[in-house]
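Visitor: Read left to right, the sequence shown gives residues 18 to 100 (my numbering).
A virtual CB, placed ideally from N, CA and C, is assigned to each residue, including glycine.
Since this is a predicted model, take the numbers as computed values, not measurements.
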Amino acid sequence: GCSHAGICNIIDHAKQICKENKIYILLGGFHLFNNDITDKTIEFIKKQDIKYLYPAHCLNSYAFSEFKKIGGERIHTLQILNF
Numbered sequence: 018g019c020s021h022a023g024i025c026n027i028i029d030h031a032k033q034i035c036k037e038n039k040i041y042i043l044l045g046g047f048h049l050f051n052n053d054i055t056d057k058t059i060e061f062i063k064k065q066d067i068k069y070l071y072p073a074h075c076l077n078s079y080a081f082s083e084f085k086k087i088g089g090e091r092i093h094t095l096q097i098l099n100f
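#1: I'd like the list of long-range same chain contacts for Tyr-71, defined as Cβ closer than 6 Å, with 5 residues on each side in sequence excluded.
#2: Could you give the residue range of the beta strand (DSSP E) that holds Gly-89?
#3: Which of helix, strand or coil does DSSP assign to Tyr-79?
#4: Is the CB-CB distance between Phe-50 and Ile-24 below 9 Å?
#5: Does the Cβ of Ala-22 have 16 or more other Cβ atoms within 10 Å, making it buried, or fewer, making it exposed?
#6: Would you grab the beta carbon distance between Gln-65 and Ile-28 for me? Rounded to a whole angstrom, and I think it's under 8 Å.
#7: Spatial neighbours of Leu-76 within its chain, please: C-beta separation below 6 Å, excluding the five flanking residues on both sides.
#8: When you compare only the Cα positions, how much space is there between Gly-88 and Lys-32?
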């Protein structure tokens with residue numbers, strides 16, 4: 018789904034309910050359209066040491082290019098099909 022609640026909030030909540038401090042994979046719509054929020058989100062995600070990032074939808078080209086800069090081999094794309 019899409020992270021309308023904020024991807025950083027979702028990461029924190031997942032850690033809390035799973036009682037884990039490590040997130041292995043982040044997959045879904047990241048809901049990033051504002052460049053300032055994107056920059057803050059990128060900084061937050063960098064600190065999380067997430068192994069795989071799969072932004073699926075709901076992000077602009079700036080956000081995707083910034084994720085590619087930090088992602089290296091960690092960043093992957095998904096194609097979302099609508100029928």
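Guide: This is what the structure holds:
#1: Result list for Tyr-71: Leu-44, His-93 and Leu-95, in chain order.
#2: Secondary structure note for Gly-89: it is in no beta strand (DSSP E), with a DSSP letter that is neither H nor E.
#3: Three-state result, Tyr-79: helix.
#4: No, the pair does not count as a contact, with Cβ atoms beyond the cut-off.
#5: Flag for Ala-22 reads exposed.
#6: Between Ile-28 and Gln-65 the Cβ distance is about 6 Å, and since that is below 8 Å, they are a contact.
#7: Only Phe-47 and Leu-49 meet the Cβ criterion.
#8: Cα to Cα, the separation comes out at about 21 Å.
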